[in-house]
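Enquirer: Before I ask anything, let me first share the structure, which is written out below as structure tokens.
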Amino acid sequence: MDVAEFTDEMRRVFDVHRLVFRIGELASMTGVSPRQLRYWEKKGLIKSREREGEQARVYSFGTFVKVSMIKYFLDSGYTLAAAGQKAAARNSRAKVLHRFISTGLQGFAEIDGQMAINLGPFDDHQTLMALLPEDKSVAYRLVPNAQAQKLTQASPE
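Numbering (UniProt numbering), first residue to last: 1 to 157.
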């Protein structure tokens, strides 16, 4: 598998839009009862998804994350309203991160024997690469656009 195929595979792996959970599954995964989930939905804190031919409520991965955050804040002593607000604020930051991962990452490469992530064009001539050595912190390198393109599409050793 070359690096471009690996990049595409990683995008599919992280495509959480395909994940859905029935109310019982969501309750089991989060420790929030189905009754509480229905109440939170009634209050507008979460939403279920419509599914053709399905009678049971189903929830997205994003709702799973939001329910988990609300529960965390409730367990930390916040009221339901405050927990919902804090979860919504964190959720908006998570959406930005997800957008960066799904659209900003241009692919994976190998530079000097180290895994690197192509973070996209820095300017008209250079691409920003993040080098990920196993035993050190992340290092950044600017490489010419043509070289970055070639590295991102090349097969790793």
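Cβ coordinates follow ideal geometry from the N, Cα and C atoms, glycine included.
1. Tell me whether the segment 66 to 75 and the segment 85 to 99 touch, counting them as touching only if at least three CB pairs, one residue from each stretch, are closer than 8 Å.
2. Given a cut-off of 9 Å, decide if Q147 and G107 are closer than it, judged by their beta-carbon atoms.
3. Do the CB positions of V32 and F61 come within less than 9 Å of each other?
4. In the DSSP assignment, what residue or residues form a beta bridge with E110?
5. For the UniProt domain "HTH merR-type" (20 to 89), which segments carrying the beta strand (DSSP E) assignment without a break, of at least 3 residues, lie completely within its bounds, in sequence order?
6. Assign V96 to one of three DSSP states: helix, strand, or coil.
7. Mind checking M29: buried by the 16 CB within 10 Å criterion, or exposed?
8. Can you tell me which residues form a DSSP beta bridge with P144?
Expert: Reading it off the structure:
1. Touching, per the Cβ criterion.
2. Taking 9 Å as the Cβ cut-off, G107 and Q147 do not qualify as a contacting pair.
3. In this structure, F61 does not lie closer than 9 Å to V32 by Cβ.
4. E110 pairs with M115.
5. Complete beta strand (DSSP E) runs here, min 3: 20 to 22, 58 to 60.
6. Helix at V96.
7. M29 should be labelled exposed.
8. DSSP, once it has assigned bridges, lists Q126 as partnering P144.
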